[in-house]
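Engineer: Sharing a structure, written as structure tokens. Questions coming.
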Amino acid sequence: MKNKKIPMRSCVVTKEKLPKGELLRIVRTPEGKVMADITGKLNGKGAYIKKDITVLEKAKKSKILERTLETEISEEVYEEISKIINK
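In terms of our numbering, the sequence shown has 85 at position 81, counting the first letter as 1, and numbering is strictly consecutive.
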């Protein structure tokens, strides 16, 4: 039986190549709203971060998600992402 290919993506913070399931996609929709994309299928510009609170804190401090998605990210969005990671 043929092995299934595991999609790999890069974390924008740590630059690690990880399986897509270990990462969380943050997306900027065409309307300009930033949100966590749990399904991985939302329309818009996406960036992947590792599901780890320390990585999220690093991203927040360095503003790497804001640069990657080319928009301002509010504190509420970071709190929403934090809740998803802590599940």
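Every residue, glycine too, gets a C-beta built ideally from N, C-alpha and C.
1) Just verifying my parser: in three-state terms, what is the DSSP assignment at residue 86?
2) Using three-state DSSP, classify residue 22 as helix, strand or coil.
3) Among 13, 73, 87 and 90, which one has its Cα closest to the Cα of residue 37?
4) Could you tell me the distance, in whole angstroms, from the CA atom of residue 52 to the CA atom of residue 70?
Structural biologist: In terms of the structure at hand:
1) helix
2) strand
3) 73
4) 12 Å
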